[in-house]
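Below: one structure, written as structure tokens.
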Ligand SMILES: [Fe+2]
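Printed below as a string of structure tokens:
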């Protein structure tokens, strides 16, 4: 469907988010399972509950607009989840480094959702859809809180990951040492540098 009016664009964006949230309900359990830190696992489990709620809030928004809830493939979320699942398959990361990578992937997802909800909330305001504004605002706040919680967990986990690197860089031998010499001097190897 081509959007001709702001209302149509609003509905299209809601369908995109509806698909994004549904994709996330499938990805979050895998992210929880792949996390070593119990706090990180708990954060993903909690966000899974919230995400199910985000799906039902969007259904309420559709109902308020007299629209059937319909998903339109969200390629952005699909790409972010694909990158995250590739990280989850990595088995040569130390557990803290892998957790740091998972947090980085999850924060990309949160920022994407924050942008998406910020947009539809503003559209709802412009269109005078007050019920939609408050429902979308609630979800937007939860996405921001999740992002904040992930930043706090990263503060702790990324330090643990970088401490692991100090010990590891002393064990590197031969060619690998030569190749990584510059970065190893800084106590990390470029290949294993955490993303977040
Ligand atoms: Fe969400």
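Numbering (the working numbering), first residue to last: 148 to 343.
By construction, the Cβ of each residue, glycine as well, lies at the ideal position given by its N, Cα and C atoms.
Query                                                                                                                                                : Result
Between which residues of its own chain and residue 176 is the CB-CB distance below 6 Å, once the five residues before and five after are set aside? : none
Would you call residue 287 buried or exposed, if buried means 16 or more other Cβ atoms sit within 10 Å of its Cβ?                                   : buried
Return yes when the C-beta of residue 258 is under 7 Å from any heavy atom of ligand 1, and no when it is not.                                       : no
Quick one: which unbroken beta strand (DSSP E) runs of 3-plus residues sit fully inside the region 215-301? Chain order, please.                     : none
Can residue 170 and residue 289 be called in contact, C-beta distance under 8 Å?                                                                     : no
What I want to know is whether the C-beta of residue 175 ends up closer than 7 Å to one or more non-hydrogen atoms of ligand 1.                      : no
Could you check the C-alpha separation between residue 173 and residue 308 for me, to the nearest Å?                                                 : 27 Å
How about residue 259 and residue 283: are their beta carbons less than 8 Å apart?                                                                   : no
Spatial neighbours of residue 232 within its chain, please: C-beta separation below 8 Å, excluding the five flanking residues on both sides.         : 174, 177
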